[in-house]
Amino acid sequence: MCISGDCAVRLSRPDTTRWCRRCGVAATVSRHRRSSQAACDNPARLCGLGVLIIRSLTYLLASALTALAVLACLSVAVALLAGTVAGLCAFIAGLLLWGALHLRHLNHLVLWTREPVGTPVPRAMGAWGRVFADLAGRTRLAYDMRERLSSALERFQDASQAMPDGVIYLSDSDTIEWLNLRAEQHFGLDRDHDIGAPVVNLLRQPEFVRYLASGNFEEPMVMQCARRQGLTLQIQIIPFGDDQKMVLSRDISQIEKLETMRRDFVANVSHELRTPLTVVGGFLETLVDGLDDFEREDVIRFLNLALDQSNRMRRLIEDLLTLSALETGAPAPSEERIEIGALLKGVYDDTELLSGGRHQVTLDVQGGGYLLGSAKELHSAFSNLASNAVRYTPEGGRIELVWTHDAQGAVFSVRDTGIGIDAADIPRLTERFYRVDRGRSRESGGTGLGLAIVKHILTRHQAMLRVKSALGQGSVFSAHLPKARFIPLPAQASRS
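Note that the UniProt record's numbering numbers the sequence shown so that position 206 is 206, with each residue one more than the last.
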């Protein structure tokens with residue numbers, strides 16, 4: 001509809017900027033920016049000009065007829081008094097002169113209406129001068145109003161395009177009238193081809209069709225986008241105007257992923273704690289019910305098993321607290337210069353202790369120096385990598401702890417001859433509670449949080465974790481530290 005309020009012409013395509021056939025005012029938001037001058041340069045099409053011209057011409061015609069009547073009376077009087085043809089000639093000459101004058105002004109008016117807005121008005125005397133001045137003033141007011149409306153509509157369109165949510169305007173027949181760039185991305189639409197098409201012909205997912213047809217839009221709906229794998233959208237329809245609708249879409253894929261991780265985390269923690277609690281509770285019930293029936297050695301064995309399970313729960317809780325502190329962005333400990341030899345010697349000793357002589361553990365430090373960072377956190381990360389190798393390497397296997405450095409930085413690697421990891425599992429190794437072999441990990445005392453802790457510690461030190469492995473061929477876990485955190489010994493620095 002024409003937005004001027006002076007005209008009730010319905011436009012055929014509200015999705016583009018059009019000008020009312022009667023008044024020339026913009027009808028709706030333009031799909032593309034257009035300069036106001038290019039949109040309409042003819043002032044005769046501006047709002048109210050047609051009515052004003054008709055009124056002006058009526059006024060002039062009345063004035064002309066009055067003047068003609070006066071001239072006619074005068075001429076007849078002259079003719080009657082003079083009794084000659086001179087009176088009639090004067091009458092005809094005056095009539096022609098007056099008509100020519102009005103035709104000249106009328107021609108100037110027609111020519112002026114064909115000129116661009118801003119063209120100076122023709123000069124005229126009397127009534128025609130007032131007409132031209134009035135028309136010029138009204139034209140300028142209408143032009144300024146159109147400019148303000150066009151500017152406001154363009155700002156509104158720019159704001160809609162910048163929204164992080166998708167926006168689609170639907171007509172009363174549910175055809176697409178306008179959509180922003182985000183909606184194109186969410187639904188795989190193309191505004192150049194899909195404007196004017198029924199929305200159900202383009203978004204055919206049954207849940208959306210049912211939601212649109214239900215008319216109950218109080219609650220948003222959630223659906224998986226069929227055209228983009230892994231995209232989860234929250235859709236809300238808002239009615240407005242004369243049975244028109246606005247479809248809002250929001251990408252909640254990350255929120256859904258976090259919610260899934262939260263549910264999995266709660267389920268995994270519950271399972272990890274329930275198992276040792278069940279074991280400890282079973283041992284205690286057995287001892288309470290028949291303590292006198294057991295030998296001292298049996299009682300000690302039961303208590304040791306219960307102690308192992310309680311230690312497992314303690315390690316799980318400690319890892320959960322550590323991971324929580326890392327994930328919530330707790331302030332990093334103050335950085336210090338860490339002597340690499342001492343750090344790696346501590347990791348080697350922990351690995352030997354955990355292995356208990358069941359593996360061949362070696363340490364190869366190819367060039368010493370210092371690291372800048374948290375000694376406690378880096379020791380925890382390196383020890384977690386080594387302990388994983390112990391858990392997944394069969395007895396008699398080989399575990400190598402290797403330190404190297406080059407122009408890009410330093411690398412700590414743990415190489416083992418263990419069971420290996422399938423390529424499909426490698427991207428998920430740093431997820432909380434993700435285990436390649438759940439049974440083996442629990443039997444070896446793993447909590448399922450070690451590599452998640454490693455990833456967060458390395459991230460805090462601008463380092464990266466890389467994994468190379470294949471089933472039956474062992475694994476290599478490498479922590480790549482940036483050059484800025486490695487200080488080689490002076491002799492090594494000069495050689496490099």
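Glycine included, each C-beta is placed from N, C-alpha and C at the ideal position.
Three or more Cβ pairs drawn from the segment 415-424 and the segment 379-398 lie within less than 8 angstroms of each other, which places the two stretches in contact.
Between R191 and L202, the CB-CB gap reaches or exceeds 8 angstroms. Under the DSSP assignment, T139 falls in the alpha helix (DSSP H) whose first and last residues are G126 to A162. Secondary structure note for E184: it is in no beta strand (DSSP E), and the uninterrupted alpha helix (DSSP H) holding it is L181 to F187. Only buried fits F132, as 16 or more other CB atoms lie within 10 angstroms of its CB. Looking at G196, E207 and D293, the one whose alpha-carbon comes closest to that of M223 is E207. Spatial neighbours of G472 in its own chain (CB-CB distance under 6 angstroms, excluding positions within 5 residues in sequence) are listed in chain order as G420. Under the DSSP definition of a beta bridge, S475 partners with D416 and S469. In this model, D134 and V121 are separated by some 10 angstroms (Cα to Cα). For the beta strand (DSSP E) assignment, the uninterrupted runs of no fewer than 3 residues enclosed by the segment 276-339 are, from N- to C-terminal side, 336-339.
Restricted to the segment 360-396, the alpha helix (DSSP H) segments that are unbroken, complete and at least 4 residues in length are 375-392, listed in chain order. Distance check between I176 and each of V247, F294, I453 and Q234 places V247 closest, using alpha-carbon atoms only.
K245: member of the beta strand (DSSP E) spanning Q244 to D251, first to last residue.
Separation of R358 and R227 (C-alpha to C-alpha, rounded to the nearest whole angstrom) is 53 angstroms.
Per DSSP, reduced to three states, the secondary structure at V121 is coil, with no helix or strand assignment. Apart from sequence neighbours up to five positions away, the residues of its chain that approach A410 with a beta-carbon distance below 6 angstroms are L481 and F486, ordered along the chain. The residues A375, in chain order, have a CB closer than 7 angstroms to that of E336 in the same chain once the five nearest residues on each side in sequence are set aside. Judged by DSSP secondary structure, D192 falls within the alpha helix (DSSP H) whose first and last residues are R191 to D194. Boundaries of the alpha helix (DSSP H) around L212: P206 to S214.
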